[in-house]
Amino acid sequence: MRNMIKTLFVAALLLINGTVFAAVEAGKDYKLLNPAQPASTKKIEVLEFFFYGCSHCFGLHPHLSAWEKTMPKDVELTLVPTIFRDSWEPMAQTFYALEAIGQLHQLHDALYQAWNVNNTDLSDEAKITGFVAHRGVDRTKFSAAYNSFSVQNKVVRVKQMIRSYGISGTPTLVVDGKYLITGLQPAETIRVLNEVIEMARKEHPAESKPAKGKAKR
3 MRNMIKTLFV
13 AALLLINGTV
23 FAAVEAGKDY
33 KLLNPAQPAS
43 TKKIEVLEFF
53 FYGCSHCFGL
63 HPHLSAWEKT
73 MPKDVELTLV
83 PTIFRDSWEP
93 MAQTFYALEA
103 IGQLHQLHDA
113 LYQAWNVNNT
123 DLSDEAKITG
133 FVAHRGVDRT
143 KFSAAYNSFS
153 VQNKVVRVKQ
163 MIRSYGISGT
173 PTLVVDGKYL
183 ITGLQPAETI
193 RVLNEVIEMA
203 RKEHPAESKP
213 AKGKAKR
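Just so you know, my numbering puts 88 at position 86 of the sequence shown, and the rest follows in order with no gaps.
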C-alpha cells in the first residue's frame, strides 16, 4: 500500500511539472541538421559554437563548464570559436594560438570576463598580445602561434564548418553532427543536451559504454 501511494505521488508530481520532465521534441528543443555532418571522433561528439563577446555564451559558460567536469567518458566536447564577421576572427586566432602553446585553460575564463564584464578592447593582435602577456603568456610564443600556418588553417576550417552546419547564432551546440541545440536558457540547454546525448548513444556502436569522469579538452 505504501509503495502504491508513493507511486501515485510521483506520478502526480510528474503531471504537475510536466514541462520540467517532458521529453525533448524535435523542432522545439533541438533541430535535426540536414544533411548531417560527419563527427571527428568515435565518441559522441558535442560541439559548442561560441564567441567570447557573446553575452549568451557567457551565460552558458559556467553551466557547460560544470557539465563538462562530469560528462560521460563516451562523450567528447570540442569548442569552436565562431566567426560571423571579420572582427571576430582575432578571437578565433587567439583561441587556437593559446591552445597551441598550452595556455588556453588558464586564459579561457579571463577572455570571457574581459569581454563581458570589463569591456576590454581585444580588437587586434597588439591589444590581445598585451592582454595575454599581462597574464603570464610569453609574447614571442603567442605571436608565433597566432600567425602560424596551422592556426590560419583552423580559422579557415571554422568558417567552413559554420556554413556546413548552418550556424546562425551563438551559443549553439551540435551533437554528433546531427542534433542542433540553440536559443534556450542555460539550464534548459544542459537538460536538452543530456537528453539528446542519450538519443545519440542509441545510434552508436554497442561497445560505447557511458561512464562518469573528468573531461579533457
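Ideal placement from N, C-alpha and C gives every residue a C-beta, glycine not left out.
Local Cβ density within 10 Å of residue i, reported as buried at 16 or more and exposed below that
i, result
"threonine 43", "exposed"
"phenylalanine 97", "buried"
"glutamate 205", "exposed"
"aspartate 31", "buried"
"proline 207", "exposed"
"histidine 63", "buried"
"valine 119", "exposed"
"valine 158", "exposed"
"threonine 142", "exposed"
"leucine 34", "exposed"
"phenylalanine 151", "exposed"
"alanine 202", "buried"
"alanine 236", "Outside the displayed span of the chain (3 to 219) sits residue 236, for which this structure offers no information."
"threonine 72", "exposed"
"lysine 129", "exposed"
Nearest-angstrom beta carbon gap, residue j and residue i [assumed within contact, 8 Å]
i, j, result
"arginine 87", "alanine 112", "23 Å between Cβ atoms; not a contact."
"threonine 172", "histidine 65", "Not really, about 15 Å apart at Cβ, beyond 8 Å."
"alanine 102", "valine 176", "24 Å between Cβ atoms; not a contact."
"phenylalanine 60", "tyrosine 114", "5 Å"
"valine 77", "isoleucine 199", "6 Å"
"alanine 28", "lysine 180", "So it is not a contact: roughly 11 Å between Cβ atoms."
"alanine 147", "alanine 99", "4 Å"
"aspartate 178", "alanine 41", "5 Å"
Segment limits, alpha helix (DSSP H) that includes residue i
i, result
"tyrosine 54", "Neither: tyrosine 54 is in no alpha helix (DSSP H) and is coded neither H nor E."
"alanine 135", "127-136"
"glutamine 162", "151-167"
"arginine 193", "188-204"
"glutamine 115", "106-118"
"methionine 93", "91-102"
"arginine 141", "141-148"
Beta-carbon proximity of residue i to residue j, cut-off 9 Å
i, j, result
"valine 134", "isoleucine 85", "no"
"threonine 174", "glutamate 50", "yes"
"glutamate 91", "leucine 79", "no"
"tryptophan 117", "leucine 106", "no"
"leucine 182", "tyrosine 167", "yes"
Residues bridged to residue i [DSSP beta-bridge criterion]
i, result
"valine 48", "Leu79, Val177"
"alanine 28", "Tyr32"
"isoleucine 183", "Leu175"
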